[in-house]
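Residue numbers (the working numbering), protein chains in the order written: chain A, 48 to 341; chain B, 6 to 343; chain C, 170 to 502.
No residue lacks a Cβ here, since even glycine has one placed at the ideal position from N, Cα and C.
For reference, the structure is listed below as structure tokens.
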Amino acid sequence: MKSSETMDIPRIKEPTPLQETWYHLKKNKGAMTGLGIITMFVLMAIFAPIVSPRDPLAQQISERLTPMFTNGYIFGSDDLGRDMLSRLIYGARISMTIGVVSVGISLFFGIIIGVTSAYYGGTFDKIVMRLIDIMLAFPYILLTIVIVSLLGPSLTNAMVAIGISQVPRYARVVRASVLAEKESDYVLAEKALGAGNFELMFLTILPNCLSPTIVQATLGVGEAILNSAGLSFLGLGAQPPTPEWGLMIASSKQFITNAWWIVTLPGLAILLAVLGFNLFGDGLRDILDPKMRN
Amino acid sequence: MIKHILKRLALLIPTLFGVITLVFLMIALAPGDPARIMLGERANAEQIAQLRAELGLDKPLIQQYGLYLSRVVRLDLGKSIATGQQIAREIADRFPATIELAWYAMIFATVVGMFLGVTSAIRRNTWVDYTTMGGALVGVSMPVFWLGLVLIMVFSVWLNLLPTGGRMNIRYYFTPITNFYVIDGILLWIREGTPKYLWSAIQHLLLPTIALGTIPLAIIARTTRSSMLEVLQQDYIKTARSAGIREKRVIYRYALKNALLPVITVIGLQFGLLLSGAILTETVFSWPGIGRWIYISIGARDYPAVQGGIIFISTFFVLINLAVDILYSVVNPKIRLQ
Amino acid sequence: MAEKKEILLSIQNLSFSFDTQRGVVNAVRDISLDIRKGETLTLVGESGCGKSVTAHAINQLNPMPPGKVDHGKIMFRGTDLLTLKRHEIEKLRGTQISMIFQEPMTALNPVFTVGAQIADVFMTHQHMTKQEAMERTIDLFKLVKIPAPERRVNSYPHQLSGGMRQRAMIAMALASPEPGLMIADEPTTALDVTIQAQILDLLNDLKHKIEMSILLITHDMGVVAEMADRVVVMYAGRKVEEADVFSIFETPRHPYTLGLLNSLPSNTKYKNARRLEAITGTVPDMRTIGAGCPFENRCAYASEKCGQEFPTETVLGESHSVWCHNYHMVKEG
Numbered sequence: 048m049k050s051s052e053t054m055d056i057p058r059i060k061e062p063t064p065l066q067e068t069w070y071h072l073k074k075n076k077g078a079m080t081g082l083g084i085i086t087m088f089v090l091m092a093i094f095a096p097i098v099s100p101r102d103p104l105a106q107q108i109s110e111r112l113t114p115m116f117t118n119g120y121i122f123g124s125d126d127l128g129r130d131m132l133s134r135l136i137y138g139a140r141i142s143m144t145i146g147v148v149s150v151g152i153s154l155f156f157g158i159i160i161g162v163t164s165a166y167y168g169g170t171f172d173k174i175v176m177r178l179i180d181i182m183l184a185f186p187y188i189l190l191t192i193v194i195v196s197l198l199g200p201s202l203t204n205a206m207v208a209i210g211i212s213q214v215p216r217y218a219r220v221v222r223a224s225v226l227a228e229k230e231s232d233y234v235l236a237e238k239a240l241g242a243g244n245f246e247l248m249f250l251t252i253l254p255n256c257l258s259p260t261i262v263q264a265t266l267g268v269g270e271a272i273l274n275s276a277g278l279s280f281l282g283l284g285a286q287p288p289t290p291e292w293g294l295m296i297a298s299s300k301q302f303i304t305n306a307w308w309i310v311t312l313p314g315l316a317i318l319l320a321v322l323g324f325n326l327f328g329d330g331l332r333d334i335l336d337p338k339m340r341n
Numbered sequence: 006m007i008k009h010i011l012k013r014l015a016l017l018i019p020t021l022f023g024v025i026t027l028v029f030l031m032i033a034l035a036p037g038d039p040a041r042i043m044l045g046e047r048a049n050a051e052q053i054a055q056l057r058a059e060l061g062l063d064k065p066l067i068q069q070y071g072l073y074l075s076r077v078v079r080l081d082l083g084k085s086i087a088t089g090q091q092i093a094r095e096i097a098d099r100f101p102a103t104i105e106l107a108w109y110a111m112i113f114a115t116v117v118g119m120f121l122g123v124t125s126a127i128r129r130n131t132w133v134d135y136t137t138m139g140g141a142l143v144g145v146s147m148p149v150f151w152l153g154l155v156l157i158m159v160f161s162v163w164l165n166l167l168p169t170g171g172r173m174n175i176r177y178y179f180t181p182i183t184n185f186y187v188i189d190g191i192l193l194w195i196r197e198g199t200p201k202y203l204w205s206a207i208q209h210l211l212l213p214t215i216a217l218g219t220i221p222l223a224i225i226a227r228t229t230r231s232s233m234l235e236v237l238q239q240d241y242i243k244t245a246r247s248a249g250i251r252e253k254r255v256i257y258r259y260a261l262k263n264a265l266l267p268v269i270t271v272i273g274l275q276f277g278l279l280l281s282g283a284i285l286t287e288t289v290f291s292w293p294g295i296g297r298w299i300y301i302s303i304g305a306r307d308y309p310a311v312q313g314g315i316i317f318i319s320t321f322f323v324l325i326n327l328a329v330d331i332l333y334s335v336v337n338p339k340i341r342l343q
Numbered sequence: 170m171a172e173k174k175e176i177l178l179s180i181q182n183l184s185f186s187f188d189t190q191r192g193v194v195n196a197v198r199d200i201s202l203d204i205r206k207g208e209t210l211t212l213v214g215e216s217g218c219g220k221s222v223t224a225h226a227i228n229q230l231n232p233m234p235p236g237k238v239d240h241g242k243i244m245f246r247g248t249d250l251l252t253l254k255r256h257e258i259e260k261l262r263g264t265q266i267s268m269i270f271q272e273p274m275t276a277l278n279p280v281f282t283v284g285a286q287i288a289d290v291f292m293t294h295q296h297m298t299k300q301e302a303m304e305r306t307i308d309l310f311k312l313v314k315i316p317a318p319e320r321r322v323n324s325y326p327h328q329l330s331g332g333m334r335q336r337a338m339i340a341m342a343l344a345s346p347e348p349g350l351m352i353a354d355e356p357t358t359a360l361d362v363t364i365q366a367q368i369l370d371l372l373n374d375l376k377h378k379i380e381m382s383i384l385l386i387t388h389d390m391g392v393v394a395e396m397a398d399r400v401v402v403m404y405a406g407r408k409v410e411e412a413d414v415f416s417i418f419e420t421p422r423h424p425y426t427l428g429l430l431n432s433l434p435s436n437t438k439y440k441n442a443r444r445l446e447a448i449t450g451t452v453p454d455m456r457t458i459g460a461g462c463p464f465e466n467r468c469a470y471a472s473e474k475c476g477q478e479f480p481t482e483t484v485l486g487e488s489h490s491v492w493c494h495n496y497h498m499v500k501e502g
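Following this line, the structure appears as structure tokens:
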């Protein structure tokens, strides 16, 4: 990396930051549990067609509302006779995608706004921060609802809405850490060597500001999954017959009197997935940001 | 301190102005014609043109904005497309229901959350601490609407203990007085001598309160714990102990008052978020508040209503943040005495 | 000298350890000391030598767990403090045993007025009304020479200067009907030199006015010279020398004591100081100290025996003892 060249550090065999983080992570039980849960859901998402016993969309009306562990339906079937287990597995695919894409959107814009605003400072920074304050003055759930109801209800729009509504938060986190770094010696050294603004911002400063952003992003994935489930529950996200967890809860709520599993299981799936990201994110924060530790 | 408050008040105006502008722009710049979206696919050109004129959409953007702004300042949020009612009126009718629910949820979250946070901190690294913090983490990872449904399933369907939704037993033919049903219940108890209204109001409040309060509870517990842990290490706690102040007093007065500062900020923020979280909870529990009304308005594509509701809730959110900021400076002598 | 007076507090063979994640730290090993009525005993040593742990063991302010008393007794007015229950020790704190701390900025609660904090001590122990307690607080402020006491009681800590805050701390320690023992943990370290002198004068003054004993913890031999009747020198959890203040300065017999005195700027009481000397080396890791003398690795006089066993007490005079195998080789100058 650029910065280590200019700082002229003798090359000793030291662990890379990644290796060091991993070393601490391994000792953090919560973070490892979280990582295990995340891995499980990611594998489920990738191999959904292989691991799910049936087609998640195939209806078998004669076998509707089959209880758990009956007739080969491990998690039972829903009101249209679709296999719950298969739907839950495919749901992981949707939720993981939503989480990653919407956080990706927030990160992309958040980083650009945060870095440029901190780097250039002055009036530009003031205006940007003012706008961010206004956006933060908006309860973000409402913000996503407004955006989706304008774009029209769909899964893609829900992703975009969740992504956009979180941009201010990421911009803030990035801006704060860039402000702390931008006067550092290695940045000034790089500047003296004639690095351009773009290079300074994104290749020199940004890599040193990633820790808090990574923590925020990990926790953000869990939050995005929760929010998208909420939007789908309100009919503003995924549309039937998509096996989205929030939508599955919404479309089964009239069956809580006689089929508890079709309401309970998708919720447990959401809970578990979000818990995984929260456990992992908390662990990362303890390791990467000792100030937050206690 | 007065200077501090005035400064915050001065900042309030541009923020509110920004919020209102943002809502306007989002609706105005949205892809597609709101009039067409509102009327649906089958509307003809004439109907659309009429609605556009009605909404002022045929005028230039700047002019629309000016009109809109002048109306909002006069608290005129326009008429609902769906009901033809004044939107401000609709909000005023529903706000007590929302605020009543949010209020009790927040009390529940604050009292239980702070207690658990303090207990966790003084029993650090014991099973009490692990259980509480594990529970809190589950709490923040849970979808509110799902928790609501599970509560209904367990307490209403299986155990048949509590109602599934609404605010009052419909067979009581109840006429609200203040629209805050607990207060109304007490008033009617005095007037008619029967506590049944109060009892019914409490029964209806119980589950939504728990559902809505769980996430803030978990967050408050986590914040209180970490804040307490930091404070308990401070020298002044040792001083208080060395002076023989009783341990309970050391914790609940000397430590907690210091630990409160970050907690207050979190409580305020959560209270604001609660109002928007209410949209899910109110929907699950058929709670006739603003959240459910916005949800219904979205379904009915009643844009003026959605716009009005969102401006209202955002304004309230901003005002709560201001109140919290003032409270913070009252509790913290370093700011108060500046 | 307070030789004839009765013993107020007697620590007998106290050992105290902390069970940390990285191993057991034997912070205090086999310490004994007596404090007589009206006497000032100073506990001297580098930071981390166990002097604060010893002092905090008296009123049980060490965090337990991870801290733990391994053995020993702390006799105070006829009872062993270590056998008391929490509410019993709470009754002694602030009435018979009070404490002042190093850093008056952080030792006073920032969200309460100093007056309220001191009044609370009165109210806790003597069932006074708030008004009575406030009046007594103002009296105390006069006693510790805080100007404009009526106004100052309503100040918050951050509104007072460092010296005023330390005076307020002292006032708080005096908020009892019968001050017996005051433990002063580095009371002047955080203060300017001039303020330091004022605070020490105040403490000396108060000691004579109210017959109280002071256990003063310090690393500063200058403070020792100013305040002490008797001195206990600690090193790495061990007591290495004990003597009256004159013997310590005139005829130190432990190499470590000598080192402490040599690192002191020229002082009238220690005429032979030639130049400022630092003690070479560092304090050993408290987890790995063996059976030998902990000072062995830094000691100019160390012999083979020193690494093997900790020396027994050698009584040099009526009030002077040393724990060193080679004390006879240590000569001042």
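Chain C residues whose Cβ lies nearer than 9 Å to that of residue i
i: Glu252(B); result: Arg255, His256 and Glu259
Cβ neighbours of residue i in the same chain (closer than 7 Å, five flanking residues each side left out)
i: Ile448(C); result: Gly428, Ser432 and Arg467
i: Met170(C); result: Low per-residue confidence applies at Met170(C): pLDDT is 45, beneath 50, and the placement is therefore not dependable enough to give any value.
i: Thr437(C); result: Note that Thr437(C) scores a pLDDT of 48, beneath 50, so its modelled location is shaky and nothing firm can be said.
i: Gly236(C); result: Phe185 and Phe187
i: Leu251(C); result: Val238, Lys242 and Ile243
Contacting residues, own chain, Cβ-Cβ under 8 Å from residue i (five flanking each side not counted)
i: Met403(C); result: Ile200, Leu212, Val213, Gly214, Cys218, Gly219, Lys220, Thr223 and Val409
Residue interval of the beta strand (DSSP E) (run including residue i)
i: Gly486(C); result: Thr483 to Gly486
i: Gly450(C); result: Here Gly450(C) belongs to no beta strand (DSSP E), and DSSP marks it neither H nor E.
i: Phe197(C); result: First, the amino acid is wrong: residue 197(C) is Val here, not Phe. Looking at the DSSP string, the run of the beta strand (DSSP E) that includes Val197(C) is Gly192 to Arg205.
Contacts of residue i in chain B (Cβ-Cβ under 9 Å)
i: Met189(A); result: Checking the sequence shown, residue 189(A) turns out to be Leu, not Met. Within chain B, the residues near Leu189(A) are Leu280, Ser281, Ile284, Ile299, Gly314, Ile315, Ile318, Ser319 and Phe322.
Contact set for residue i: own chain, Cβ-Cβ below 6 Å, skip 5 residues either direction
i: Leu121(B); result: Thr137 and Ala226
i: Asp330(B); result: Arg13
7 Å Cβ cut-off: residues of chain B touching residue i
i: Asp289(C); result: Ile250
i: Arg262(C); result: Arg246, Ser247, Ala248 and Gly249
i: Asn325(A); result: Leu142, Val145 and Ser146
i: Glu272(C); result: Asp240
Amino acids of chain B, ordered along the chain, whose beta-carbon sits closer than 8 Å to that of residue i
i: Glu157(A); result: Residue identity check: residue 157(A) is Gly in the sequence provided, not Glu. Simply none; closest approach about 18 Å.
i: Ala285(C); result: Near Ala285(C) there are no residues of chain B at all, since even the closest Cβ is about 10 Å away, more than 8 Å.
Any chain B beta carbon closer than 8 Å to residue i
i: Thr86(A); result: no
i: Asn231(C); result: no
i: Met170(C); result: At Met170(C) the pLDDT is 45, less than 50, meaning the model places this residue with poor confidence and gives no usable figure here.
Any chain D beta carbon closer than 8 Å to residue i
i: Ser216(C); result: Among the chains of the structure shown, chain D does not appear; the protein chains present are A, B and C.
Residue i at chain C interface by Cβ criterion, 8 Å
i: Tyr259(B); result: yes
i: Lys8(B); result: no
i: Pro309(B); result: no
i: Pro338(B); result: yes
Start-to-end residues for the alpha helix (DSSP H) that takes in residue i
i: Gly391(C); result: Met390 to Met396
i: Leu253(A); result: Where Leu253(A) is concerned, there is no enclosing alpha helix (DSSP H), given that its DSSP letter is neither H nor E.
i: Asp232(A); result: Asp232 to Ala239
Within-8 Å CB hit, residue i to chain A
i: Leu27(B); result: yes
Checklist entry - Taking Cβ-Cβ distances below 7 Å as the criterion, which residues of the stretch 294-309 of chain A are in contact with chain B? => result Flagged, chain order: Ile296, Lys300, Ile303, Thr304 and Trp307.
Item to check | Residues, ordered as in the chain, of the stretch 64-79 of chain B that lie near chain A by beta-carbon distance below 9 Å | outcome: From the stretch 64-79 of chain B, no residue has a Cβ closer than 9 Å to chain A.
Checklist entry - Going along the chain, which residues of the stretch 230-241 of chain B sit with their C-beta nearer than 7 Å to a C-beta in chain C? => result Within the stretch 230-241 of chain B, the residues whose Cβ lies closer than 7 Å to some Cβ of chain C are Gln239, Asp240 and Tyr241, listed in chain order.
Item to check | Interfacial residues, the stretch 157-181 of chain B to chain A, with Cβ spacing under 8 Å | outcome: Under the 8 Å Cβ criterion, the stretch 157-181 of chain B contributes Ile157, Met158 and Val162.
Next on the checklist: Which residues of the stretch 157-184 of chain A have a Cβ closer than 8 Å to any Cβ of chain B? Give them in chain order.
Outcome noted: Within the stretch 157-184 of chain A, the qualifying residues are Arg177, Leu178, Asp180, Ile181, Met182 and Ala184.
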